[in-house]
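Data block below; observations after.
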């Protein structure tokens with residue numbers, strides 16, 4: 001399957017409206033689009049019901065200079081609360097005789113979006129649009145499309161895209177990237193690929209974020225060869241898929257990690273390994289996620305020597321392992337039957353020496369593996385070691401240990417741990433009671 005084959009799938013009913021000027025939604029549809037989806041945002045309070053504006057907000061809207069200064073100070077950094085945003089919006093909107101320009105509202109909307117208040121941004125935009133004082137400009141559309149894509153309403157984003165075209169605005173790569181991200185987030189990868197193929201028709205060239213987003217999406221659905229073709233187009237800059245040579249579009253650690261994870265997912269370890277080595281040869285420093293992806297795949301395939309060596313390599317390169325890294329390694333040793341008391345204690349010591357605190361998942365993984373390999377008392381010793389480290393253990397950790405003790409006939413110790421679980425304020429679940437009932 002080639003990436004170009006995805007193009008026809010773009011023209012399904014909902015999105016066709018966004019690329020055909022003959023079928024762009026009407027202005028009324030645009031004004032009401034925020035209520036067309038079940039994932040509707042919380043309605044913002046009307047001016048009469050909103051929180052009373054404080055003095056600093058009132059001073060801010062007194063004149064254009066003060067307003068812009070306030071907006072630039074608070075909003076561009078994303079440092080604005082929900083209540084302050086509502087108050088400021090009401091004050092701005094109530095200046096009907098001389099309303100602030102659209103650029104001022106854009107700064108407010110941009111600040112809300114930067115602080116991830118996407119629903120509020122959409123709601124306030126709807127209110128401003130319904131009043132009809134100001135017409136949205138290019139930046140307004142960009143912000144709104146991004147918000148819809150972030151909250152799982154990418155189809156509404158395409159409606160806004162249609163209004164952008166009807167308003168004679170030319171979408172840029174940022175707009176297309178937002179739409180592609182939204183489609184990928186909703187697992188509509190082939191439609192995202194089709195949108196990607198439309199960039200050239202609009203005179204746009206994809207950037208590193210556009211390409212990496214699509215590569216990640218393609219890898220998630222197993223189309224690793226197509227993803228690799230796009231990756232190579234990025235690296236070569238041969239014009240394929242509209243990707244030209246640009247120093248700002250060189251594959252980065254996220255791009256490589258997405259591909260490596262994709263090839264691990266389809267059990268192509270050789271290609272994953274090749275890409276990992278290539279990444280380091282190209283001077284792209286693997287991060288903890290990159291290492292974890294490869295370590296996890298090695299452990300699942302029983303390659304424990306390579307996985308252990310890779311943990312050492314990441315430490316040498318200044319990349320600090322997570323508790324997840326060691327949990328993965330422990331799980332691998334347990335699955336291959338290569339775990340014992342000495343190995344377990346060694347791994348725990350290594351974790352602490354490298355500044356990693358074992359968590360409940362680490363403990364549950366190790367307990368389950370030790371018990372399945374015939375070691376029962378060792379997990380009890382580790383249990384008290386973790387309690388001394390003030391590690392918070394959850395019900396899963398207790399369940400694994402109690403189950404192992406019951407199966408080995410250590411019923412008295414199992415009962416003591418059950419009592420301790422209650423003493424710690426944890427609530428036994430149905431699995432805990434089933435373990436105790438079968439054990440006793």
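In the UniProt record's numbering, the protein residues as written are 1 to 440. For each residue, glycine too, the CB sits at the ideal point set by N, CA and C. Computed from a predicted structure; not experimentally measured.
Considering only 406, 371 and 423, the residue with the shortest C-alpha distance to residue 337 is 371.
Taking 8 Å as the upper bound for CB-CB distance, residue 192 and residue 199 are not in contact here, some 12 Å apart. In this chain, the alpha helix (DSSP H) harbouring residue 333 covers 323 to 335.
An exposed status is given to residue 94, since fewer than 16 other beta-carbon atoms sit within 10 Å of its beta-carbon. Residues 112 of the same chain have their beta carbon placed closer than 6 Å to that of residue 85, with the five preceding and five following residues left out of the count. Contact between residue 345 and residue 329 is absent: CB atoms are separated by about 14 Å, not below the 8 Å threshold. In this structure, residue 382 keeps its C-beta atom at 9 Å or more from the C-beta atom of residue 398. Secondary structure at residue 219: helix, using DSSP grouped into helix, strand and coil. Scanning the UniProt repeat "PPR" (137 to 171) from its first residue to its last, the whole alpha helix (DSSP H) runs of 4-plus residues come out as 138 to 150 and 154 to 166. Taking 4 residues as the minimum length, the alpha helix (DSSP H) runs contained wholly in the UniProt repeat "PPR" (394 to 428) are 395 to 407 and 411 to 423, in order along the chain. Annotation: residue 317 is outside any alpha helix (DSSP H) and is labelled neither H nor E by DSSP. Around the beta-carbon of residue 277, fewer than 16 other beta-carbon atoms lie within 10 Å, marking it exposed. At the C-beta level, residue 220 and residue 178 stay beyond 9 Å of one another. If you compare the alpha carbons of 109, 301, 103 and 351 with that of residue 81, the shortest gap goes to 109. Here residue 286 carries a coil assignment [DSSP, helix/strand/coil].
In the DSSP assignment, residue 126 falls within the unbroken alpha helix (DSSP H) covering 118 to 131. Within the same chain, 148, 179, 182, 183, 185, 186 and 188 come within 8 Å of residue 154 by CB-CB distance, once the 5 residues on both sides are set aside. Residue 306 and residue 298 have their C-alpha atoms roughly 7 Å apart. Counting C-beta atoms within 10 angstroms of its own C-beta, residue 437 has fewer than 16 neighbours from the protein chains shown and is therefore classed as exposed. The straight-line gap separating the alpha-carbon atoms of residue 331 and residue 360 is approximately 14 Å. In the DSSP assignment, residue 110 falls within the alpha helix (DSSP H) that extends over 102 to 114. In the assembly as shown, residue 423 is an exposed residue. Its beta-carbon has fewer than 16 other beta-carbons within 10 Å. Here the C-alpha atom of residue 289 lies approximately 20 Å from the C-alpha atom of residue 333. Across the set 296, 79, 138 and 415, the C-alpha of 296 shows the shortest separation from the C-alpha of residue 324. Within the UniProt repeat "PPR" (172 to 206), the complete alpha helix (DSSP H) runs of at least 4 residues fall at 173 to 185 and 189 to 198.
Annotation: residue 78 to residue 89 spans about 15 Å, alpha carbon to alpha carbon. By the neighbour-count criterion, in which 16 or more other beta carbons inside 10 Å mark a residue as buried, residue 432 falls on the buried side.
Counting only the Cα atoms, residue 142 lies some 9 Å from residue 161. With a cutoff of 9 Å on beta-carbon distance, residue 385 and residue 426 are scored as not near each other.
By the CB criterion at 9 Å, residue 140 and residue 106 fall inside the cutoff. Residue range 269 to 281 is occupied by the alpha helix (DSSP H) that includes residue 273. The criterion of a C-beta distance shorter than 9 Å is satisfied by residue 68 and residue 104.
By the C-beta density criterion, residue 170 is exposed, having fewer than 16 other C-beta atoms within 10 angstroms.
For residue 214, the number of other beta carbons within 10 angstroms of its own is at least 16, and it is reported as buried.
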